[in-house]
Amino acid sequence: MHRFAFATTLVASSVLAADDSLLAQLTQWNKDFGPAYLPKGVDPTNTNDLLARLQAGKTAIAAVAKTQPEAKFAIGRFALHTPKEFRDFVLRSYTAGSLKMDAPEASAVDRGVGAANGTVDWSTTKCMGPVGDQGKCSSSWVFATTAAVETAHCIVTGTPIDVSEQDIVSCDRDELDEGCRGGIEYTAIDWITKTGICLATDYPYISGADGKNNACQTSCPKQKLAIDGHAWASGEPKLETVVAKQPVASMVEATNDIWQHYASGVITSCPGSPSDHSVLVVGYGNEGKTNYWKVRNSWGAKWGEMGYARVRRGAGGNGVCQIAELPVYPKLAAAPTVAPTTKPAC
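In terms of mature numbering (1 follows the signal peptide of the UniProt record, and there is no 0), the sequence shown is residues -17 to -1, 1 to 329.
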């Protein structure tokens, strides 16, 4: 540990001497993000360490840019994370085996490339609210779930709704759902179908600040949504068909430099590791000759393209970054008898 700290100090000193602009970039990073976005245990007053981290981030950005000709990468939220720290932030507690216990049989999934034309973009509709920020809690699965059920409910009723992520984090205790320690979208969808869910105004999200599940509060009224359990959309052809009708929660392979430093454009490949992070597939389109999926992340609006990313579509198999391996969505149901309190249309 002492050797690493000494080496980090030497690197930072030499870097600062060679490039005074690095300090200006660190100052700007602090303005844009600040200590709340540093990895756990990092001293925000240790300028030498922060400079060394920033230089390492810039080196990684330059390297990953060479492998992704259709995307851009920049100093962002995770620029001061080491690769291990970023992996620790992203990784969830599920195993592939537990996920597939309810997944469709592989032989029944069409792993073709798909052939949908045109553009679909649910993010521009009144049914989808602002991009959320999971903060220090490993709750990407929660944010993908809430965005999926909100839009599904709005599609049926015509009325936008903003439900509580904290209700799921603190109160959903299905055997696979553990709040900030990870969980599964399909079990959360089923839990909401069965129990209803509180509104965000009645039960605000607090786990992003401390990374803890926090005690379940039962005082808020539960809202019944126009959903009826879950269904799968595995394989790009099926995913295209469903996304044309409603957004779909999915998991991607995100513990890599590509997602850590992504700024804009189309991600055309991933290293090939298992899925580890949840997103919401909100549409598809094309840029030039490249077809893409548009996905909504939960790392705030300062990440990527205002909180969104685009991933190449039509790769076949499980898709780029495993995006088409296990997509799941809430089945639409009749509108609830008593309409819930809602937020105004965007």
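The beta-carbon is built from N, C-alpha and C at its ideal position, and this holds for glycine as well.
In this chain, the alpha helix (DSSP H) harbouring T30 covers 30 to 48.
Shown here, E53 sits in coil according to DSSP, grouped into three states, outside any helix or strand. E270 and V249 do touch by the CB rule: their CB atoms are close to 6 Å apart, below 8 Å.
Secondary structure of R164 (DSSP, three-state): helix. Taken through DSSP and simplified to helix, strand or coil, I189 comes out as coil. Secondary structure at A284: coil, using DSSP grouped into helix, strand and coil. Between the beta-carbon of K277 and that of Y291 there is about 6 Å, and that keeps the pair under the 8 Å contact cut.
Excluding its 5 nearest sequence neighbours in each direction, G255 has C-beta neighbours in its own chain below 8 Å: E236, listed in chain order.
W124 places its beta carbon 8 Å or farther from that of G191. Rounded to whole angstroms, the separation of the alpha carbons of K221 and P257 is 21 Å. K119 carries a coil assignment under DSSP once its states are collapsed to helix, strand and coil. By the Cβ criterion, the stretch 301 to 320 is not in contact with the stretch 187 to 204, since fewer than three pairs of Cβ atoms, one from each stretch, lie closer than 8 Å. When the Cα atoms are used, T170 and D193 turn out to be separated by approximately 24 Å. Between S252 and V303, the gap from beta carbon to beta carbon is short of 8 Å. Considered as a whole, the stretch 242 to 274 harbours 245 to 250, 260 to 270 as its complete beta strand (DSSP E) runs of no fewer than 3 residues, in chain order. Within a 10 Å sphere around the beta-carbon of N280 sit 16 or more other beta-carbons, which makes this residue buried.
Taking the CA atoms as reference points, A35 sits about 24 Å from G118. Looking at the DSSP output, P230 bridges to nothing. Within the same chain, and ignoring the five residues on either side of H260 in sequence, the residues whose Cβ sits closer than 7 Å to its Cβ are V73, S123, M234, V235, A237. For R295, the closest of E223, W174, M289 by C-alpha to C-alpha distance is E223. In the structure shown, H64 falls within a coil segment according to DSSP collapsed to helix, strand and coil.
Distance check between K41 and each of P66, Y20, K23, N29 places P66 closest, using alpha-carbon atoms only. C-alpha of N100 to C-alpha of V265: approximately 15 Å in a straight line. The residue among F56, N13, A7 with its C-alpha nearest the C-alpha of H244 is F56. DSSP places L315 in the strand class (E or B) of the three-state scheme. In the three-state DSSP reduction, V114 falls in the coil class, being neither helix nor strand.
Note on geometry: alpha-carbon atoms of A7 and P113 lie some 30 Å from one another.
The distance from the Cβ of D145 to that of E158 is about 28 Å, inconsistent with a contact at the 8 Å cut-off. Per DSSP, W12 is one residue of the alpha helix (DSSP H) stretching across 4 to 15.
For the 8 Å CB-CB criterion, A209 and A135 form a contact. One thing to note: C110 has its Cβ within 8 Å of the Cβ of P143.
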